[in-house]
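In our numbering, the protein residues as written are 80 to 668. Here a beta-carbon is modelled for each residue, glycine too, at the ideal position from N, C-alpha and C. All values derive from a computational prediction rather than experimental measurement. What follows is a single structure, written as structure tokens, with notes after it.
In structure tokens form, the structure reads like this:
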């Protein structure tokens with residue numbers, strides 16, 4: 080705390096106006112005192128000697144004249160070993176620790192350190208006395224779960240520093256001094272294993288920012304093949320309530336080809352957050368066979384908590400993601416849902432009496448959302464290694480209306496759009512990503528021409544299906560009806576996927592390429608089918624064979640047996656490969 084103090088002069092919900100005498104900075108943290116209880120707050124506007132602060136707690140009991148103490152610090156995250164496996168609130172308070180202090184019904188004004196200050200870590204120095212180091216370069220390591228956690232020169236130190244002394248290999252707490260650096264003027268700076276970093280400032284201690292090119296495998300066929308996400312890229316998943324956004328995020332976090340997953344439950348319903356908290360510790364990591372929580376951080380900020388801390392939870396999560404990216408790791412950060420964050424901004428903007436934009440959202444909504452997604456990236460680090468932060472955000476538009484401001488502002492900045500459809504979710508077609516409206520700017524795991532061939536079948540089949548709703552099945556030709564059945568088969572056997580089956584949910588790129596070739600062969604063939612009943616029966620049997628094939632282990636005996644049954648059915652249908660499909664498969668065969 081500094082000696083700078085103020086007093087409350089007005090209260091408007093969680094917006095409190097404070098009169099002060101000294102110097103106050105934007106985004107500075109202060110505490111509003113209600114009796115002996117200190118409520119954490121952040122300065123969001125300064126007019127003359129009046130600072131308007133948003134309070135991160137319930138504001139019941141605050142009165143004009145109450146004391147406010149300014150800290151001189153920004154809203155910051157504690158960075159250091161011990162973050163993995165933690166469950167935090169939006170202000171990086173460990174929720175299990177708060178529960179021990181206050182019981183299951185958390186009281187306001189109770190805060191805890193983001194890191195365990197008593198635990199000792201096995202430190203191994205990597206820098207030597209006399210080495211020249213800069214911010215973001217590591218001077219030692221400690222083991223943290225399955226990873227080697229690098230100990231950095233704090234990101235806020237500018238310029239070159241010389242290592243004057245460094246601790247020997249041994250056990251130390253995160254606050255013990257493990258090195259002493261000297262700057263160009265000879266001043267000594269003690270360094271420990273932890274430091275603070277303002278959450279609203281992006282970490283830029285890298286050598287070069289690279290274009291996202293490598294596909295981040297999620298093992299979800301519809302995403303990896305049709306609408307892929309790149310490591311260091313961005314994507315959004317808008318959809319109506321109950322369309323499967325949270326389940327899709329859980330599946331992605333379990334099987335995605337990344338090192339660390341950070342989940343920010345930003346204003347989600349408490350029931351969904353409880354589901355996340357109870358399921359994740361029990362989930363088995365397919366990479367290690369151990370608990371998935373060992374490489375996961377969860378930041379909980381439910382819709383029942385104060386709206387101001389929704390914003391804090393998003394920024395805290397992305398700051399932790401950037402910290403682990405600095406170690407050369409690939410990090411996936413999932414925000415669920417950014418709509419709640421936007422609603423919190425709208426509420427605060429109204430209290431600030433700002434000129435509203437569309438649907439009363441603040442005029443700066445687009446720039447805030449863009450700035451958040453721009454913190455994703457694939458970078459080259461000072462030691463030559465690379466790391467990435469991939470950001471995936473869900474959007475919850477009212478009534479599934481994708482034309483509303485939050486969805487449109489998000490679509491302008493992300494690299495992939497996975498639009499969930501109420502029609503598909505009601506039909507139990509999961510994942511409910513609509514293949515007709517979704518898109519991606521990133522590279523697919525399958526060949527581009529084969530992808531366009533499959534998309535063409537889907538779009539043509541949809542057109543025929545729409546026509547059949549008007550004229551009926553009898554009003555379509557046999558050729559068109561077969562095309563419609565092919566599109567329905569492609570949807571059922573490839574786009575839909577059972578996330579609760581261990582084999583079916585974990586569909587790697589090798590298998591996706593193999594199955595795609597088989598589908599191109601079958602869907603690109605002409606068949607000797609005499610009427611629509613024959614066509615319906617043939618493709619229904621083929622569809623079931625493919626679905627059974629999906630549940631067999633790749634390249635196992637059962638896999639080969641199921642494939643042989645598909646080939647036998649193909650021969651019975653007297654299939655003849657058409658020229659377009661033959662050209663696509665020529666190189667591969």
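Boundaries (first-last residue) of the alpha helix (DSSP H) holding residue i
{"i": "residue 254", "result": "Neither: residue 254 is in no alpha helix (DSSP H) and is coded neither H nor E."}
{"i": "residue 32", "result": "This structure cannot settle anything about residue 32, because the visible part of the chain is limited to 80 through 668."}
{"i": "residue 343", "result": "Not the alpha helix (DSSP H): residue 343 falls in the beta strand (DSSP E), residues 339-345."}
{"i": "residue 426", "result": "417-430"}
{"i": "residue 613", "result": "611-629"}
{"i": "residue 448", "result": "444-452"}
{"i": "residue 491", "result": "Note, residue 491: premise wrong, no alpha helix (DSSP H); not H, not E."}
{"i": "residue 398", "result": "387-404"}
{"i": "residue 330", "result": "324-334"}
As assigned by DSSP and simplified to three states, the class of residue i
{"i": "residue 652", "result": "coil"}
{"i": "residue 269", "result": "strand"}
{"i": "residue 183", "result": "coil"}
{"i": "residue 667", "result": "Low confidence applies here, because residue 667 scores a pLDDT of 48, under 50, leaving its location unreliable; read the following figure in that light. If DSSP states are grouped into helix, strand and coil, residue 667 belongs with coil."}
{"i": "residue 527", "result": "helix"}
{"i": "residue 546", "result": "helix"}
{"i": "residue 572", "result": "helix"}
{"i": "residue 535", "result": "helix"}
{"i": "residue 93", "result": "coil"}
{"i": "residue 204", "result": "strand"}
{"i": "residue 245", "result": "strand"}
{"i": "residue 599", "result": "helix"}
{"i": "residue 240", "result": "strand"}
{"i": "residue 412", "result": "strand"}
{"i": "residue 508", "result": "coil"}
Cβ neighbours of residue i in the same chain (closer than 7 Å, five flanking residues each side left out)
{"i": "residue 438", "result": "483 and 484"}
{"i": "residue 493", "result": "313, 314, 315 and 452"}
{"i": "residue 430", "result": "91, 92 and 94"}
{"i": "residue 463", "result": "none"}
{"i": "residue 66", "result": "Lying outside 80 to 668, the shown extent of the chain, residue 66 is not represented and no answer is given."}
{"i": "residue 520", "result": "494 and 495"}
{"i": "residue 105", "result": "122 and 125"}
{"i": "residue 622", "result": "568, 571 and 572"}
{"i": "residue 254", "result": "196, 271 and 273"}
{"i": "residue 590", "result": "633"}
{"i": "residue 132", "result": "95, 97, 109, 120, 121, 122 and 123"}
{"i": "residue 580", "result": "630"}
Beta carbon of residue i nearer than 8 Å to that of residue j
{"i": "residue 410", "j": "residue 338", "result": "yes"}
{"i": "residue 671", "j": "residue 529", "result": "Only positions 80 to 668 of the chain appear in the structure, and residue 671 is not among them; the question remains open."}
{"i": "residue 648", "j": "residue 620", "result": "yes"}
{"i": "residue 66", "j": "residue 130", "result": "Residue 66 lies beyond the stretch modelled for the chain, which goes from 80 to 668, so this question has no answer here."}
{"i": "residue 202", "j": "residue 272", "result": "yes"}
{"i": "residue 569", "j": "residue 608", "result": "no"}
{"i": "residue 466", "j": "residue 422", "result": "no"}
{"i": "residue 155", "j": "residue 269", "result": "no"}
{"i": "residue 231", "j": "residue 209", "result": "no"}
{"i": "residue 514", "j": "residue 564", "result": "no"}
{"i": "residue 174", "j": "residue 345", "result": "no"}
Neighbourhood of residue i by C-beta distance below 6 Å, restricted to the same chain and skipping five residues each side
{"i": "residue 428", "result": "441"}
{"i": "residue 341", "result": "376, 396, 399, 400 and 412"}
{"i": "residue 228", "result": "160 and 221"}
{"i": "residue 402", "result": "158"}
{"i": "residue 83", "result": "101 and 149"}
Other residues of its chain near residue i: CB distance less than 8 Å, five sequence neighbours each side excluded
{"i": "residue 267", "result": "243, 259, 260 and 261"}
{"i": "residue 668", "result": "Note that residue 668 scores 48 on pLDDT, short of 50, meaning its location in the model is unreliable; the coordinates nonetheless yield the value given after this. Same-chain partners within the cutoff: there are none."}
{"i": "residue 660", "result": "532, 599, 600, 602, 603 and 604"}
{"i": "residue 181", "result": "189"}
{"i": "residue 653", "result": "606 and 607"}
{"i": "residue 474", "result": "315, 316, 317, 318, 416, 417, 418, 485, 486 and 489"}
{"i": "residue 294", "result": "303, 307, 308, 309, 310, 521, 522, 523, 524 and 588"}
{"i": "residue 624", "result": "641, 644, 645 and 648"}
Start-to-end residues for the beta strand (DSSP E) that takes in residue i
{"i": "residue 133", "result": "129-134"}
{"i": "residue 305", "result": "Neither: residue 305 is in no beta strand (DSSP E) and is coded neither H nor E."}
{"i": "residue 220", "result": "217-223"}
{"i": "residue 467", "result": "465-474"}
{"i": "residue 110", "result": "107-113"}
{"i": "residue 168", "result": "166-168"}
{"i": "residue 147", "result": "146-153"}
{"i": "residue 497", "result": "Counting along the chain, residue 497 falls outside any beta strand (DSSP E), and DSSP gives it neither H nor E."}
{"i": "residue 581", "result": "Segment 581-584 is the alpha helix (DSSP H) holding residue 581; no beta strand (DSSP E) there."}
Check: residue i C-beta below 7 Å from any heavy atom of the ligand SAH
{"i": "residue 300", "result": "Of ligands this structure carries none, so the ligand SAH is not represented either."}
Which residues DSSP lists as bridging residue i, in chain order
{"i": "residue 317", "result": "474"}
{"i": "residue 117", "result": "112"}
{"i": "residue 294", "result": "309"}
{"i": "residue 227", "result": "222"}
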